[in-house]
Structures are given as C-alpha cells and as structure tokens.
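Okay, so the sequence shown: first residue is 1082 according to this note's numbering, each after it adds one.
Just so you know, even glycine gets a beta-carbon here, dropped at the ideal spot from N, CA and C.
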Amino acid sequence: MKPVLAVTRRLPDAVAKRAAESYDIRTQEDDDPLTRAEILALCHGADAALVSVGDPIDAEFFDHLSDSVKIVATFSVGTDHIDLAAARKKGVIIGNTPGVLTDATADIAWLLILGAARRASEGEAEVRNATWSSWRPTHLMGTQVTGKKLGIVGMGRIGQAVAKRARGFDMDIHYYNRRQLPADQEMGATYHDSIEGLLPHCDFLSLHCPSTPETRGMVNEDFIAKLPDGAIIVNTARGDVVNDQDLIAALKSGKLTAAGLDVFAGEPNIEPAYRDLANTFLLPHLGSATVETRNAMGFRALDNIDAFVAGKDVPFTV
C-alpha cells in the first residue's frame, strides 16, 4: 500500500501527477481554504501532510494532529503560518521550499515598482473601461524609475535578485541586512547597518524581510516619516510587516507617491481602503505564480516527504 498523503489545496498538474505515483492522495474536492478542523480530519491516519500558506498550522493544530503524521511539508518558503515550537514539541518535521522562487518573486517586485511608479492601474482601467479620451501632455504622469535610489530591506536571495535587475535601470542601490554581504553579493549596493540609516536614501523601497516579532508592523508612521517625500514602497515579503492604517494615511497625504503591494495582512480579506486609493498597484499574492516556479516548489515539497518516507535526511527543513 502507498503511504497516505493529506493535501490541503489543489496542486499544479505536474506536481499532482508525481504525488499520485508515490502516495495515496487524500484531498478536498474544491480549492477553498480549509478550517483547522477540516485539515485535522484530512490528516487523520495519514502518514504526511502537504499544507500551504494561510493554513492554520498552529499550536492547537499540533495538539490535535494524528500521531501518524510525522512530517508536514509546506508549499512555501515562509513558515509564519506554522507554529514551529509546537511542531518540535509534537516531534513533527517541518519542510519548506527555499531557493526556487527567487527570480519569480524578484520579477513581481519589479512589476510592482514599475506599476506603482507609472500609474499602471489607473492607465489599464482607462483603457479597459473606455474612459481614455486622448493623449494629453499632462495625462497620468508618473515617476521616473531610471537613475533613482532604491532601498532594499532584507538582502537575501530575492533582495539580491531585485538589486541585480535594478542595475539595468541605472539605480543607486542601498540596503539594510542583519549583516553586510560579501562584496561579490552586494551588486554594488551601499550597506547601512540600521534601517534608520537606510530610509533617507530611498526614492523606492522594496521589502524582503521575514515576518518576525521584530518586523511585524515595522512600516509605520515613524518609519515612513524617515523616507524622502514622494517615495514609493513595494512589498513582496509579508503583509503584516506593514501597518496598514499608517501606510494608507501616508498615501492619502501625499507623503508617499504610491505603493505596490502583492501581500497583505489578513489576506484575502485586505484593508478595504487600499481598493479606493488610485495610487496603489495591487496584486493577489502572485510572487511565485509562474508554472515553472510553482512546479519547482511542489517538487521540493515532495522531495521532503519522499526523503522522510524513505528514512533519509529531509533536505529542506526549518
């Protein structure tokens, strides 16, 4: 008999095909987010679980998880939806998918930079809604990207990929990281040993930090005040690093020219005021959403489960 694998969301076709070759798949018929109770029922008696961003894999989940489940692989790099301490207490291995979504997420960060700077949402809406009247000298004038200063918070794989792309726009790159990178990884960027030191140098600011107790709500009124007037913020990291009310206030006041956001606190139930702001460029968490990347993420999650079932070291754990 094949091991039983509980899967909480619909997988890309190539990933689902590979999973079905090795496992007895137990999953939902639809593709709606499951409650904790529904996931626990799905996992009852299973050998492994493959979960996703947004699933409530918290302490209560592990309190009631079937003892048969010894590995939970998440279809993500981030693990802020998982209580890692509770997993360790339960003796459950947690696997994630690092190293395969760098380029896709960096591409989306650049889509946000350009979309927010060049008022793409407004322009696309005019064409789609047939409200575009004519070319006009002052029509939808945006912000030049080329030659400006780009600040990066978090210079990991994705931050470095964003910096690499910025070189093509002749940008002056600055970054904050917990430690300075070797020169060959800095992409010629200037290091700042504090976020406070970085912020005055940011015409554009791209967020690439994890969600931690230290970073949650980090982008608040005081943080924004240290940015140059008219700066643009983009976020492909985690929604909860932003204080929504303070960011919205800065967008309304003109302190910030625009924001490009792919992630949100409480998504998909985002702060409604974002939808009413013309100077926001909004995407539904598409950072890794390419066929190539989502397949690679799924294969990496299955690599973790395959290794565990085979009694080998799990390659990608947290």
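Under 8 Å by Cβ, that's how I've got residue i and residue j pegged, so tell me the actual separation to the nearest angstrom.
| i | j | result |
| --- | --- | --- |
| leucine 1288 | alanine 1318 | 4 Å |
| glycine 1240 | tyrosine 1256 | 7 Å |
| threonine 1271 | alanine 1312 | With 8 Å as the limit, threonine 1271 and alanine 1312 do not qualify as a contact, their Cβ atoms being about 17 Å apart. |
| tryptophan 1136 | leucine 1165 | The amino acid at residue 1136 is misidentified as tryptophan; the sequence shows aspartate. No, aspartate 1136 and leucine 1165 are not in contact; Cβ-Cβ is about 14 Å, not under 8 Å. |
| asparagine 1385 | valine 1399 | 11 Å between Cβ atoms; not a contact. |
| glycine 1392 | isoleucine 1189 | Glycine 1392 to isoleucine 1189, Cβ: 38 Å. No contact. |
| leucine 1064 | glutamate 1203 | What the structure shows of the chain is the stretch from 1082 to 1399, and residue 1064 is not part of that stretch, so it cannot be assessed. |
| valine 1096 | asparagine 1376 | 6 Å |
Going by DSSP, name the residue or residues bridged to residue i.
| i | result |
| --- | --- |
| tyrosine 1104 | BP columns for tyrosine 1104 are empty, so no partner. |
| glycine 1176 | Ala1154 and Thr1398 |
| alanine 1087 | Arg1107 and Ala1130 |
| leucine 1279 | None, per the DSSP bridge assignment. |
| threonine 1160 | According to DSSP, which records beta bridges pairwise, threonine 1160 is partnered with nothing at all. |
| isoleucine 1386 | Answer is none; isoleucine 1386 lacks a bridge partner. |
| threonine 1271 | His1255 |
| isoleucine 1138 | Ile1163 |
| leucine 1288 | Val1234 and Asn1316 |
Figure out for me which residue from the options has the closest Cα to the Cα of residue i.
| i | options | result |
| --- | --- | --- |
| lysine 1229 | Ala1206, Cys1283 and Leu1121 | Cys1283 |
| aspartate 1321 | Gly1159, Gly1223 and Ala1100 | Gly1159 |
| aspartate 1387 | Met1082, Ser1103 and Val1096 | Ser1103 |
| valine 1234 | Lys1171, Gln1109 and Ile1276 | Ile1276 |
| asparagine 1301 | Ile1106, Ala1331 and Leu1286 | Ala1331 |
| glycine 1172 | Ser1157, Phe1143 and Asp1161 | Phe1143 |
| leucine 1193 | Gly1379, Arg1297 and Leu1363 | Leu1363 |
| leucine 1286 | Pro1353, Ala1198, Glu1205 and Glu1295 | Ala1198 |
| threonine 1361 | Ala1377, Gly1196 and Glu1141 | Gly1196 |
| arginine 1034 | Gly1269, Phe1345, Ala1264 and Ala1168 | Coverage of the chain is limited to positions 1082 through 1399, which leaves residue 1034 absent and any answer about it impossible. |
| leucine 1182 | Met1378, Val1390 and Phe1389 | Met1378 |
Are the CB atoms of residue i and residue j nearer to each other than 9 Å?
| i | j | result |
| --- | --- | --- |
| arginine 1091 | leucine 1383 | no |
| threonine 1089 | isoleucine 1120 | yes |
| aspartate 1139 | isoleucine 1163 | yes |
| alanine 1247 | leucine 1262 | no |
| isoleucine 1305 | leucine 1328 | yes |
| leucine 1358 | valine 1315 | no |
| aspartate 1094 | threonine 1374 | no |
| aspartate 1251 | threonine 1224 | no |
| valine 1153 | alanine 1118 | no |
| valine 1150 | alanine 1087 | yes |
| proline 1084 | aspartate 1112 | no |
| asparagine 1258 | phenylalanine 1397 | no |
| cysteine 1124 | serine 1157 | no |
| alanine 1340 | lysine 1245 | no |
| valine 1132 | tryptophan 1191 | no |
| leucine 1308 | lysine 1336 | yes |
| arginine 1238 | glycine 1180 | yes |
| proline 1291 | aspartate 1161 | yes |
| proline 1365 | proline 1349 | yes |
| methionine 1299 | glutamine 1266 | no |
| glutamate 1207 | tryptophan 1216 | no |
Return no unless some Cβ of chain C is closer than 9 Å to the Cβ of residue i.
| i | result |
| --- | --- |
| isoleucine 1386 | Given the protein chain composition of this structure (a single chain), no chain C is represented. |
Quick check for students: name the residue ranges of the alpha helix (DSSP H) that lie wholly in the segment 1295-1362, counting only runs of 4 or more.
You should have 1302-1306 and 1325-1334.
Which ranges does the alpha helix (DSSP H) cover as unbroken runs of at least 4 residues, wholly within the segment 1176-1237, from first to last along the chain?
Runs found: 1183-1198 and 1201-1209.
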